[in-house]
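S.K.: Below you'll find the structure I mean.
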Amino acid sequence: MQEKKSIHGSWASRWIFILAATGSAVGLGNIWKFPYITGENGGGAFVLVYLLCIALVGIPIMVGEVFIGRRARQSPVNALTDLAQESGQSKKWGLVGLMGMLAGVLIFSFYSIVAGWVLQYIFSTASGALNGISSEAAGALFEGLLADPTTLLMWHTVFTIMVLVVVSAGVNAGLERATRIMMPALFVLLLVLLGYAMSTDGFSAGWHFMFDFDVSKLSWDAVLVALGHSFFTLSLGMGSIMTYGSYMPKRASIGSTVLTIGILDTLVALVAGLAIFPIIFSNGMDPAAGPGLMFISLPVAFGQMAFGQLFGFLFFVLIGVAAWTSAISLMEPTVAFLVERVGMTRKKATLALGTVAWALGILCLGSFNFMSDFTLFGKNTFDFLDYLTANIMLPLGGIFVALFAGWVVKEKFAKDELSFKSEALFKVWKFIVKFIAPVAVTVVFILNL
621 MQEKKSIHGS WASRWIFILA ATGSAVGLGN IWKFPYITGE NGGGAFVLVY LLCIALVGIP
681 IMVGEVFIGR RARQSPVNAL TDLAQESGQS KKWGLVGLMG MLAGVLIFSF YSIVAGWVLQ
741 YIFSTASGAL NGISSEAAGA LFEGLLADPT TLLMWHTVFT IMVLVVVSAG VNAGLERATR
801 IMMPALFVLL LVLLGYAMST DGFSAGWHFM FDFDVSKLSW DAVLVALGHS FFTLSLGMGS
861 IMTYGSYMPK RASIGSTVLT IGILDTLVAL VAGLAIFPII FSNGMDPAAG PGLMFISLPV
921 AFGQMAFGQL FGFLFFVLIG VAAWTSAISL MEPTVAFLVE RVGMTRKKAT LALGTVAWAL
981 GILCLGSFNF MSDFTLFGKN TFDFLDYLTA NIMLPLGGIF VALFAGWVVK EKFAKDELSF
1041 KSEALFKVWK FIVKFIAPVA VTVVFILNL
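Numbered according to my numbering, the sequence shown spans residues 621 to 1069.
What follows is the structure, encoded as structure tokens:
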């Protein structure tokens, strides 16, 4: 069989794909959520369980997504449709790709609002507005931002344009060029902030909070938290990784590449924790503040510390870069689909999709002010879309991708793409993706409802 080529181009190297996929995986939740759930659920013991879950759920499903994308060299809908037909199965499997792409656009609509908060805080820290701020004033400042639809709309628009500029430029001139700049910048910023955190009084407390091996905190709930996060952290179930996989060089090994992405994603999350929690503990603050940690606790901490203005600014730039790389991957699958299926130019497809996502975002930002009384199933628009995507669409997407890779695609196709060094390794992957991963994600799906 002649090798298919993507009409969108391909990554220049395996490492560009690794950096792009890691950029997709490392997002807002990864940087503040993972360190916190680690500390709350037994530190080092939780990290071990989490790594086991990554090995048994995250990486096998990701391998499936990447091989489907690379085999078909198309966006998720077309990839799943064509591979199903080649395997003598129903082309309705394409609907799984459609659900994933829809989830990506819905996530972008509210993700852009949170990214807008980050942009505002980059500006606020740079201007010195947070210097010496009290926790009451920081809380009031954040509440004031949420209550101000004009400012939220401005930053939502700015962030949407930032993403559309990159996506419209294409795989090589846009996604790849952005990845080459943004991912090294993200790693450098992380290391600079880690160095700063190591100089604070709270570094030891932060280290113990995250890594002390406390088995007593390791409940079944903690295992489920690890299982859920191991799936969500790798950007699975929405077609981003499948689309990025379709641009992956043929000679690159999928197994070792995906393993590298899983390790890098986990490392970034752990280093982020070691950069954040010492600052929290140095100022006697609560590490369990959730989203408030980023927009209330940390600005207060930076506002009180030596060189806090500089490092506060660098911290929010880091978060902004992480949000930007993730958001690009949310839009790419649907843009690729519109170019393939509808025949639009990339620029027109990006503008059309961006306009829809931007308009949806206005409904989400209204959840905090002019539309605060409007609810769907008892939730405002922002919370409803968050719940719908995270608890229903993404887990379902993950379950179906695992089933598709394990049960639907001809084994010959999987073997051709994966080229595992041993038959035993292929059998282990196949067993996990057929039986363990779908059951594990189904458990997460049911318990999250």
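Here a beta-carbon is modelled for each residue, glycine too, at the ideal position from N, C-alpha and C.
Every value quoted in this text rests on a predicted model; they were computed, and no experiment measured them.
Is it true that the CB of L958 sits closer than 7 Å to the CB of A969?
M.R.: Working through the sequence shown from its first residue, we reach residue 969 at position 349. Working through the sequence shown from its first residue, we reach residue 958 at position 338. Yes, Cβ-Cβ distance for A969 and L958 is below 7 Å.
S.K.: So what does DSSP say about M621, is it helix, strand or coil?
M.R.: The residue labelled residue 621 in the question sits at position 1 within the sequence shown. Since pLDDT at M621 reaches only 48, below the 50 mark, its modelled position is unreliable, and the value read off the structure follows with that caveat. DSSP places M621 in coil when its eight states are reduced to three.
S.K.: Below 8 Å on the Cβ atoms is my contact criterion, and I expect L854 with M682 to pass it. Report the Cβ-Cβ distance as a whole number of Å.
M.R.: Start at 1 with the first residue of the sequence shown, and residue 854 comes out as number 234. Start at 1 with the first residue of the sequence shown, and residue 682 comes out as number 62. Confirmed, Cβ separation roughly 5 Å.
S.K.: I need the DSSP call for F831, collapsed to helix, strand or coil.
M.R.: As a first step, residue 831 must be located in the sequence shown, where it is residue number 211. Of the three classes helix, strand and coil, the one that applies to F831 here is helix, per DSSP.
S.K.: Where do the ends of the alpha helix (DSSP H) carrying D1006 lie?
M.R.: On the sequence shown, residue 1006 is found 386 positions in, with the first residue counted as 1. That run of the alpha helix (DSSP H) goes T1001 to Y1007.
S.K.: Which residue wins for smallest C-alpha separation from S707, given the options L750, S695, F901 and A1025?
M.R.: By one-based count along the sequence shown, residue 707 stands at place 87. S707 has its Cα closest to that of A1025, out of L750, S695, F901 and A1025.
S.K.: Quick check: the Cα distance between L784 and A942, rounded to an integer number of angstroms?
M.R.: Along the sequence shown, read from residue 1 onward, the residue named residue 784 stands at position 164. Along the sequence shown, read from residue 1 onward, the residue named residue 942 stands at position 322. Rounded to whole angstroms, L784 to A942 spans 16 Å at the Cα level.
S.K.: So what's G663 in DSSP terms, helix, strand or just coil?
M.R.: The sequence position of residue 663 within the sequence shown is 43, counting from 1. Residue state, collapsed to three classes: strand.
S.K.: By how many angstroms is the C-alpha of K1054 removed from the C-alpha of I1012?
M.R.: Here the question's residue 1012 lines up with position 392 in the sequence shown. Here the question's residue 1054 lines up with position 434 in the sequence shown. Computed Cα separation, rounded: 21 Å.
S.K.: Are A789 and T1009 closer than 7 Å when you measure CB to CB?
M.R.: Looking up residue 789 in the sequence shown gives position 169. Looking up residue 1009 in the sequence shown gives position 389. For A789 and T1009, no; Cβs fall outside 7 Å.
S.K.: When burial is assigned at 16 or more other CB atoms within 10 Å of the CB, is I781 buried or exposed?
M.R.: For the purposes of this step, residue 781 is identified with residue 161 of the sequence shown, where counting begins at 1. With fewer than 16 other Cβ atoms within 10 Å, it is exposed.
S.K.: Label E685 either buried or exposed according to how many other C-beta atoms from any shown protein chain fall within 10 Å of its C-beta, with 16 as the threshold for buried.
M.R.: Residue mapping note: residue 685 aligns to position 65 of the sequence shown, counting from 1. E685 should be labelled buried.
S.K.: Per DSSP, L996 forms a beta bridge with which residues?
M.R.: Reading the sequence shown from its first residue, position 376 is the one you call residue 996. In DSSP, L996 forms a bridge with K999.
S.K.: Spatial neighbours of M803 within its chain, please: C-beta separation below 6 Å, excluding the five flanking residues on both sides.
M.R.: For the purposes of this step, residue 803 is identified with residue 183 of the sequence shown, where counting begins at 1. The residues are L639 and G643.
S.K.: Can you list, in chain order, the residues of its chain whose CB lies under 6 Å from that of F1065, leaving out five sequence neighbours each side?
M.R.: Taking the first residue of the sequence shown as position 1, residue 1065 is located at position 445. Taken in chain order, the residues that qualify are P1015.
S.K.: Taking all protein chains shown into account, decide if L811 is buried (16 or more other Cβ within 10 angstroms of its Cβ) or exposed.
M.R.: For the purposes of this step, residue 811 is identified with residue 191 of the sequence shown, where counting begins at 1. So L811 ends up on the exposed side.
S.K.: Examine chain D for any beta-carbon lying closer than 7 Å to the beta-carbon of A699, and answer yes or no.
M.R.: Among the chains of the structure shown, chain D does not appear; only one protein chain is present.
S.K.: If you compare alpha carbons, which of A1060, F833 and L1023 is closest to Q709?
M.R.: Reading the sequence shown from its first residue, position 89 is the one you call residue 709. When only C-alpha atoms are compared, the closest one is L1023.
S.K.: Go ahead and label Q705 buried or exposed: buried means 16 or more other beta carbons lie within 10 angstroms of its beta carbon, across all protein chains shown.
M.R.: For the purposes of this step, residue 705 is taken as the residue at position 85 of the sequence shown. Q705 should be labelled exposed.
S.K.: CA-CA distance, T701 and G659?
M.R.: For the purposes of this step, residue 701 is taken as residue 81 along the sequence shown, with counting starting at 1. For the purposes of this step, residue 659 is taken as residue 39 along the sequence shown, with counting starting at 1. Roughly 43 Å separates the two Cα atoms.
S.K.: Residues in its own chain within less than 8 Å of L973 by CB, not counting five upstream and five downstream?
M.R.: Here residue 973 refers to the residue found at position 353 when the sequence shown is read from its first residue. So the list reads V725, M951, T954, V955 and L958, once near-sequence residues are dropped.
S.K.: If we call anything under 7 Å between Cβ atoms a contact, is F933 one with A735?
M.R.: The residue given as residue 933 occupies position 313 in the sequence shown. The residue given as residue 735 occupies position 115 in the sequence shown. No. Outside cutoff.
S.K.: If W737 and F915 are in contact, beta carbons under 8 Å, what's the gap, nearest whole angstrom?
M.R.: Position 117 of the sequence shown, counted from the first residue, corresponds to residue 737. Position 295 of the sequence shown, counted from the first residue, corresponds to residue 915. About 6 Å; that satisfies the 8 Å criterion.
S.K.: Would you kindly check if the distance between the Cβ of F851 and the Cβ of G1018 is under 7 Å?
M.R.: One-based indexing of the sequence shown puts residue 1018 at position 398. One-based indexing of the sequence shown puts residue 851 at position 231. The answer is yes: Cβ separation under 7 Å.
S.K.: Which whole-angstrom value is the C-beta distance of L766 and A1060, which I expect to be below 8 Å?
M.R.: Residue mapping note: residue 766 aligns to position 146 of the sequence shown, counting from 1. Residue mapping note: residue 1060 aligns to position 440 of the sequence shown, counting from 1. With 8 Å as the limit, L766 and A1060 do not qualify as a contact, their Cβ atoms being about 36 Å apart.
S.K.: Is the separation between the beta-carbon of V786 and that of A805 shorter than 7 Å?
M.R.: The residue labelled residue 786 in the question sits at position 166 within the sequence shown. The residue labelled residue 805 in the question sits at position 185 within the sequence shown. No; because the gap between Cβ atoms is not below 7 Å, this pair is not in contact.
S.K.: Please determine, among Q740, F936, I881 and G928, the residue with the shortest C-alpha to C-alpha distance to A675.
M.R.: Position 55 of the sequence shown, counting from 1, holds the residue named residue 675. Cα-wise, what sits closest to A675 is I881.
S.K.: Report buried or exposed for S824, applying the criterion of at least 16 other Cβ atoms within 10 angstroms of its Cβ.
M.R.: In the sequence shown, the residue the question calls residue 824 occupies position 204. Exposed, since its Cβ has fewer than 16 Cβ neighbours within 10 Å.
S.K.: Tell me the rounded alpha-carbon separation between L1069 and V878.
M.R.: As a position in the sequence shown, residue 1069 is number 449, starting the count at 1. As a position in the sequence shown, residue 878 is number 258, starting the count at 1. Spanning the two alpha carbons is a distance of roughly 29 Å.
S.K.: Is G893 closer than 7 Å to M830 when the C-beta atoms are compared?
M.R.: As a working note, residue 830 is residue 210 in the sequence shown. As a working note, residue 893 is residue 273 in the sequence shown. Yes, Cβ-Cβ distance for M830 and G893 is below 7 Å.
S.K.: Cβ of F833 within 7 Å of Cβ of G664?
M.R.: Here residue 833 refers to the residue found at position 213 of the sequence shown. Here residue 664 refers to the residue found at position 44 of the sequence shown. Taking 7 Å as the Cβ cut-off, F833 and G664 qualify as a contacting pair.
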